[in-house]
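Asker: So that we are looking at the same thing, I have put the structure below in structure tokens.
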Amino acid sequence: MAEELKNIVLDYVTKEYLEDDSEPLTYETPLISGGIVDSFSMVSLKRFLENKYAISIPDDEATPEAFDSVNKIVSLVERFLAKK
Amino acid sequence: MSNIGSYDERVKNFSWAVAEKELGWKPGEVINIGWYCTDRVCEMGKGSKVALYWEGHTGTEKTYTYNDIRLATNAIGAFLRGLGLRPEERVCLFLDRLPELYLGFLGILKMGGIAQPLFSAFGDESLLVRLSNAETSAVITQKKHAPKVRKILDKLPHLRHIIIVDHDGAAPLRDREVAFSLEKSAPVEDFATHPTTAESPSVLHYTSGTTGMPKGVQHVHSSLIAQYLTAKWALDLRDDDIYWCTADPGWVTGTSYGIIAPFALGVTQCVLDAGFSAEAWYKWIEKRRVTMWYSAPTAIRSLMKAGDELVRKHDLSCLRHLASVGEPLNSEAVVWSEKVFGRPFYDTYWQTETGSIVIGNFPGMEVRPGSMGKPFPGITATVLDPVKNEPYPTYGKIGLVGLKFDWPSRMRTYWNNEEAFRKKFREGWYITGDRSKLDADGYFWFAGRDDDIINTAGHLVSPFEVESALLEHQAVAESAVVSKPDPINLEVVKAFVALKPGFTASRDLDLEIMNFIRKKLSPLAMPQEIEFVDALPKTRSGKIMRRILHAKEWGEEIGDTSTLEND
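From first to last, the protein sequence lines stand for chains A and B. Add 1067 to the 1-based position in the first sequence for the working numbering, that's all there is to it. Add 88 to the 1-based position in the second sequence for the working numbering, that's all there is to it.
Structure (structure tokens):
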């Protein structure tokens, strides 16, 4: 499950936010601090996760730190999936 | 003692000649911002002083002395001239916060070109509108952003050169593309800076309008005089400062106070090319021993949200002076900053069109938390009665912020749009588009915009531009875009959308439309919320009544609805 989730998030971020695909993303690539996803775009990434996994992530948990890599995003999503 | 000393004394005895004398310039002489920011500083004996500490998001560090930036800007100027670019041609900078952005800006000015910085997160439509309007001749960009330029290339007949600053040979250059490497280019010791004069055009910044497409705000080389003095007096920049301006040079703060003023003053500044993170920011201040920090309310509120504990984990005792710009700074943020940093953020007020700070809380005067402050010496500002277009005779009334249009860094016109420029004036006053009131002691207090423009995180977004882009989505029949309150960004974009027959509102469609706007215009313009509606409120003549939707979002009185079609 975790691997599948990781790949879905990685593919989505690559497709939607990566402008230069010459340096492929990894699960640990810094997304927010690395300037790939900005704080405004984070809203659409959060919306994608909520739609895809039928979860609701409160704004105070959707922090730049929590969204800063695919691995961190996956941890966040898994936490909310476990609550369902 | 601050640079400004006594505010009241400065107001009494003010003349812009103070700055002209310090810059060693007399009216009628050659003035070139690029030269003043590099060669002149070296001539003053500061060639070996650090001009720029730069760090990228991967941790790469670069340091440039004033002599380094003199040679590098010469090399860029020579390269542009070698391509056949001529004075007053528009050269766009479409870059992340790389050293090439800062030095490219000055190199363009040195060869006499007009620098046109554009925010690198702009989508292809935002880029197209601005490059078409300016009839831009060249774009300096990087591999990462080049695809957006390529996508619109066929619609840009004036664009002759796309200069890629990080071309690595992995993929061939395409039509009109040329590589330029700052690191590999030979330093150019002698370069004939173009002899621009006071009224020679220098910078073209695009700003959003209520109706119509973005307008190119045209500045001139003598803007330096006001940018220099306001940085010295309002920001209190000193020779031994380590200065950090967090603004991106895609916007006017990032050029007026992120390039021109600090370099002209010969100050050391630092640039962190990374996304926002409270921890990273505090580490940066601590690492570089930042003494003067110029930031924005949205960032300050984000830092507040990150908590006081994080501040205490870092040694930020280096901070000497803090200032803010972009949107009204709420009093809570001023009080918080005094608590955690031991000093307040001094709010400053200005806009793309003014080119430099016109109202502010200055060192040497009492800071009133939540207030915009007082006019900078030499600036005549007032609150106008919107009906009579004359200053209110008494204080306390909310009206339009008006300025006497006579300081050196004021815009000279909107590019190819003299009519829009003329509309900014009433009875001899320049109308900023903001509303405020004055208190008994002459402090200005912000009260909101006088139009539909959305100020999100200090950046202006035109509802018209977003609505126009929304109509290009296959599912959208019509839309209305307004601001909605946001605790961090002050305001964010909200869209009301009526769908075409055959389309059904859903969360997936909502996300699709958000991403459509983000890529087409910019992340700032992306609606943070979309509300699907059956119909939009309109006048009987068919005009969408945004103000009704705006009032609903802000919990305000809807007002007169007598002209409402479906009343």
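Where a beta carbon is used, it is the ideal one built from N, C-alpha and C, also for glycine.
Tell me the start and end of each unbroken alpha helix (DSSP H) in the segment 565 to 618 of chain B that is at least 4 residues and wholly inside, in chain order.
Answerer: List check, alpha helix (DSSP H) in window: 595 to 608.
Asker: Beta-carbon of B:K232 versus every beta-carbon of chain A: anything under 7 Å?
Answerer: Closer than 7 Å to some Cβ of chain A, the Cβ of B:K232 qualifies, so yes.
Asker: For B:T436 versus B:G452, is the C-beta distance shorter than 7 Å?
Answerer: Contact flag unset, no.
Asker: Which residues of chain B have a Cβ atom closer than 7 Å to the Cβ of A:P1097, listed in chain order?
Answerer: Within 7 Å Cβ-Cβ: H145.
Asker: Helix, strand or coil for B:S412? Go by DSSP, reduced to three states.
Answerer: Looking at B:S412 - three-state DSSP - the assignment turns out to be strand.
Asker: In the DSSP assignment, find the unbroken alpha helix (DSSP H) run with B:L241 in it and report its ends.
Answerer: First-last for B:L241: undefined, no H or E at that position.
Asker: When the Cα atoms are used, what is the spatial distance from B:P481 to B:L526?
Answerer: The alpha-carbon atoms of B:P481 and B:L526 are separated by roughly 11 Å.
Asker: Should B:R264 and B:I330 be called a contact, given that it needs their Cβ atoms to be closer than 7 Å?
Answerer: Cβ distance not < 7 Å, so B:R264 and B:I330 don't count as in contact.
Asker: Per the DSSP calculation, B:N543 is bridged to which residue(s)?
Answerer: Per DSSP, B:L548.
Asker: Quick check: the Cα distance between B:K375 and B:L391, rounded to an integer number of angstroms?
Answerer: Between B:K375 and B:L391, the C-alpha separation is close to 18 Å.
Asker: Looking at C-alpha atoms only, which residue of B:A366, B:C406, B:H409 is the closest neighbour of B:E397?
Answerer: Considering only alpha carbons, the answer is B:A366.
Asker: So for B:F167, helix, strand or coil by DSSP?
Answerer: Residue state, collapsed to three classes: helix.
Asker: Please confirm whether B:N603 has its beta-carbon closer than 7 Å to some beta-carbon of chain A.
Answerer: Closer than 7 Å: yes.
Asker: Suppose the cutoff is 6 Å on Cβ atoms and the five residues either side in sequence are ignored; what does the same chain contact list for B:W657 look like?
Answerer: An answer regarding residue 657 of chain B cannot be provided, because it is not within the stretch 89 to 655 covered by chain B.
Asker: Do B:T386 and B:C406 count as a contact pair if the criterion is CB distance below 7 Å?
Answerer: Taking 7 Å as the Cβ cut-off, B:C406 and B:T386 do not qualify as a contacting pair.
Asker: Which bits of chain A does B:M392 rub up against, with CB to CB less than 7 Å?
Answerer: The contacting residues do not exist; B:M392 stays about 13 Å from chain A at best.
Asker: Return helix, strand or coil for B:N101, following the three-state DSSP convention.
Answerer: In this structure, B:N101 counts as coil in the three-state DSSP scheme.
Asker: Tell whether a beta-carbon distance below 7 Å holds between A:K1113 and A:A1133.
Answerer: Against a cut-off of 7 Å, the Cβ pair of A:A1133 and A:K1113 comes out as no contact.
Asker: Could one say the Cβ of B:S365 lies closer than 7 Å to chain A's Cβ atoms, at least one of them?
Answerer: Yes, contact with chain A.
Asker: Let me know the beta strand (DSSP E) ranges lying completely inside the segment 186 to 223 of chain B, each 3 residues or longer, listed in chain order.
Answerer: As far as the segment 186 to 223 of chain B is concerned, its whole beta strand (DSSP E) runs of at least 3 residues are 202 to 205.
Asker: Assuming A:S1108 is part of the alpha helix (DSSP H), what are its boundary residues?
Answerer: That run of the alpha helix (DSSP H) goes 1108 to 1120.
Asker: Can you name, in chain order, every residue of its own chain whose Cβ lies under 6 Å from the Cβ of B:M301, other than the five neighbours on each side?
Answerer: Counting only Cβ-Cβ distances below 6 Å, and skipping sequence neighbours, we find V217.
Asker: When burial is assigned at 16 or more other CB atoms within 10 Å of the CB, is B:H246 buried or exposed?
Answerer: Burial call: exposed.
Asker: Can you look up B:R510 in the DSSP assignment and give me helix, strand or coil?
Answerer: B:R510 falls in the helix class under three-state DSSP.
Asker: Pull the bridge partners of B:K492 from the DSSP assignment, please.
Answerer: Partner(s): B:W517.
Asker: Taking C-alpha atoms, which residue in B:V585, B:V580, B:G546 lies nearest to B:L559?
Answerer: Here the closest residue by C-alpha is B:V585.
Asker: Determine the burial state of B:D655: buried for a count of at least 16 other Cβ atoms within 10 Å of its Cβ, exposed for fewer.
Answerer: Below a pLDDT of 50, predicted positions are generally treated as unreliable, and B:D655, at 46, falls in that range; the measurement from the model is reported next regardless. With fewer than 16 other Cβ atoms within 10 Å, it is exposed.
Asker: When you check each C-beta in the segment 1100 to 1117 of chain A against every C-beta of chain B, which residues fall closer than 7 Å?
Answerer: Going along the segment 1100 to 1117 of chain A in chain order, one finds S1100, G1101, G1102, D1105, S1106, F1107, S1108, V1110, S1111, R1114, F1115 with a Cβ nearer than 7 Å to chain B.
Asker: Buried or exposed: B:S193, going by 16 or more other Cβ atoms within 10 Å of its Cβ?
Answerer: The sequence as given places Phe at residue 193 of chain B; Ser does not occur at that position. Label assigned to B:F193: buried.
Asker: Can you name the residues of chain B whose CB is closer than 8 Å to the CB of A:E1128?
Answerer: Near A:E1128 there are no residues of chain B at all, since even the closest Cβ is about 12 Å away, more than 8 Å.
Asker: Taking 8 Å as the cut-off, does the segment 500 to 511 of chain B touch the segment 460 to 474 of chain B (at least 3 CB pairs, one atom from each stretch)?
Answerer: Taking 8 Å as the limit for Cβ pairs, the verdict is that the segment 500 to 511 of chain B does not touch the segment 460 to 474 of chain B.
Asker: Under a Cβ-count criterion, where at least 16 other Cβ atoms within 10 Å of its own Cβ denotes burial, should B:T657 be classed as buried or exposed?
Answerer: The first residue shown for chain B is 89 and the last is 655, placing residue 657 of chain B beyond what the model contains.
Asker: Can you tell which of B:R98, B:N603, B:S571, B:E131 has the C-alpha that lies nearest to the C-alpha of B:H638?
Answerer: Minimum Cα distance to B:H638 is reached at B:S571.
Asker: Apart from the five residues on each side of it in sequence, which residues of its chain come closer than 7 Å, Cβ to Cβ, to B:L404?
Answerer: So the qualifying residues of the chain are Y370, I373, E374, F429.
Asker: Kindly confirm or deny that the segment 1089 to 1098 of chain A and the segment 1133 to 1148 of chain A touch, where touching means at least three C-beta pairs closer than 8 Å.
Answerer: At 8 Å Cβ cutoff, the stretches touch.
Asker: Measuring only between beta-carbons, confirm whether B:Q616 sits less than 7 Å from chain A.
Answerer: Answer yes: the Cβ-Cβ gap between B:Q616 and chain A drops below 7 Å somewhere.
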